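Visitor: Top to bottom, those sequences are chains A and B.
If you count the first sequence from 1, position 58 lands on 150 in the working numbering, and the numbers rise without skipping.
If you count the second sequence from 1, position 98 lands on 210 in the working numbering, and the numbers rise without skipping.
Here a beta-carbon is modelled for each residue, glycine too, at the ideal position from N, C-alpha and C.
Predicted, not measured: the structure shown is a model, and the values here were computed from it.
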Amino acid sequence: MSANTIASPRSGGIKYNRNKGSGSNFEMAAWLFMRLSGVVLVVLIFGHLFVNLMVGEGIHAIDFGFVAGKWASPFWQVWDLAMLWLAMLHGTNGVRTIINDYAERDGTRMTLKTVLYIASAVIIVLGTLVIFTFDPCPAGAVIDLPSFCPAP
Amino acid sequence: MWSWVGHRVTGVVIFFFLLVHVLDTSLVRVSPEAYTAVIGAYKNPIMGLGEAGLVAAIVFHAFNGLRIIAVDFWKNGPKYQRQLLWGVLALWAVTMIPFLIRHLSIVFGGH
Numbered sequence: 093m094s095a096n097t098i099a100s101p102r103s104g105g106i107k108y109n110r111n112k113g114s115g116s117n118f119e120m121a122a123w124l125f126m127r128l129s130g131v132v133l134v135v136l137i138f139g140h141l142f143v144n145l146m147v148g149e150g151i152h153a154i155d156f157g158f159v160a161g162k163w164a165s166p167f168w169q170v171w172d173l174a175m176l177w178l179a180m181l182h183g184t185n186g187v188r189t190i191i192n193d194y195a196e197r198d199g200t201r202m203t204l205k206t207v208l209y210i211a212s213a214v215i216i217v218l219g220t221l222v223i224f225t226f227d228p229c230p231a232g233a234v235i236d237l238p239s240f241c242p243a244p
Numbered sequence: 113m114w115s116w117v118g119h120r121v122t123g124v125v126i127f128f129f130l131l132v133h134v135l136d137t138s139l140v141r142v143s144p145e146a147y148t149a150v151i152g153a154y155k156n157p158i159m160g161l162g163e164a165g166l167v168a169a170i171v172f173h174a175f176n177g178l179r180i181i182a183v184d185f186w187k188n189g190p191k192y193q194r195q196l197l198w199g200v201l202a203l204w205a206v207t208m209i210p211f212l213i214r215h216l217s218i219v220f221g222g223h
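(1) Closest to A/VAL170 by C-alpha separation, out of A/PHE125, A/VAL131, A/ILE223, A/ALA211, would be which residue?
(2) Compare the Cα-Cα distances from B/LEU216 to each of B/TRP114, B/GLY160, B/PRO144, B/VAL142 and report the closest residue.
(3) Give the range of the alpha helix (DSSP H) segment to which B/HIS228 is assigned.
(4) Can you tell me whether DSSP reads B/PHE185 as helix, strand or coil?
(5) Checking contacts by CB at 9 Å: is A/SER210 closer than that to chain B?
(6) A/GLY115 to A/MET126, Cα distance in whole Å?
(7) Roughly how far, in whole angstroms, is the beta-carbon of B/PHE175 from the beta-carbon of B/VAL134, given that I think they are within contact range, below 8 Å?
(8) Between the region 114-143 of chain B and chain A, which residues of the former have a C-beta closer than 8 Å to a C-beta of the latter?
(9) What residue range does the alpha helix (DSSP H) around A/MET202 cover?
(10) How would you label B/ASP184, buried or exposed, when you count the other beta carbons within 10 angstroms and need 16 or more for buried?
(11) So the alpha helix (DSSP H) A/PHE118 belongs to, where does it begin and stop?
(12) Assuming A/ILE182 contacts A/LEU133 (C-beta within less than 8 Å), just tell me the rounded distance between them.
(13) In three-state terms, what does DSSP make of A/SER100?
(14) Which residues in chain B have a C-beta closer than 8 Å to the C-beta of A/LEU176? List them in chain order.
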């Protein structure tokens, strides 16, 4: 451990400038959320990878009809919605931690976190809208439709 | 320390993939042609290897995350953290070997 050791972030010039008595439990809630969402995400993502990559023809089977067939079922809609929200919040919080650790200038840290939060919000809203407004048999479409669509 | 570095690196990689993955899946809302065309571009051996790397990162992050939970919440977790890391690496190999056999035979199997 002694030869190749990477110093802990923010460990140079020891000065503890912790927020004193801000009265907020946000950081502890975030810490707990990472562990709880992590356990759930292991199940959701392993299931997602198994069904999409291992079953049947694996990744070759993925096209519009495959996605439409899955989202015709509320089970997979809820599964994917939970995966989207938990994974995005888990990932956003993880990257927030890394920015806090390594971006030392206040301005840099604020800028990076603003970009992060905007990107995350856009992706969460977009993904949620797509799951709920998705039409498996769009009018005018001809290729790769799931088998339950009426013939065009 | 290296498990901590690995956890951060795999976490960031997975996060950036996730941003792109939601965007490409959102193409189902544009048209079946748009989605199938973009997904079709992923179906080549180079992307197949990329997917294998991504899954390797996800599986490590998942098992190491469970190890972190064990270290934080299990009474003997900190004492056995090193053995738990060997367990993570063993589980990673046990998961990845069948995954790679199946996935790479699909990717390189021709269709």
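Guide: This is what the structure holds:
(1) Of the candidates A/PHE125, A/VAL131, A/ILE223, A/ALA211, the one whose C-alpha sits nearest the C-alpha of A/VAL170 is A/ILE223.
(2) The option with the nearest alpha carbon to B/LEU216 is B/GLY160.
(3) The requested residue 228 of chain B is not part of the displayed model; chain B covers only 113 to 223.
(4) Secondary structure of B/PHE185 (DSSP, three-state): helix.
(5) Sequence check: residue 210 of chain A is Ile here, not Ser. At a cut-off of 9 Å, the C-beta of A/ILE210 has no neighbouring C-beta in chain B.
(6) In this structure, the CA atom of A/GLY115 is about 21 Å from the CA atom of A/MET126.
(7) In fact, because the Cβ distance is near 24 Å, the residues do not count as touching under 8 Å.
(8) Hits within the stretch, in order: VAL117, ARG120, GLY123, VAL124, ILE126, PHE127, LEU130, LEU131, VAL134, LEU135, THR137, SER138, VAL140, ARG141, SER143.
(9) Here the alpha helix (DSSP H) through A/MET202 covers 198-225.
(10) That one is exposed.
(11) Segment 118-141, the alpha helix (DSSP H) holding A/PHE118.
(12) The amino acid at residue 182 of chain A is misidentified as Ile; the sequence shows His. So it is a contact: roughly 6 Å between Cβ atoms.
(13) Per DSSP, reduced to three states, the secondary structure at A/SER100 is coil, with no helix or strand assignment.
(14) Under a criterion of Cβ atoms nearer than 8 Å, the residues of chain B adjacent to A/LEU176 are, in order, VAL134.
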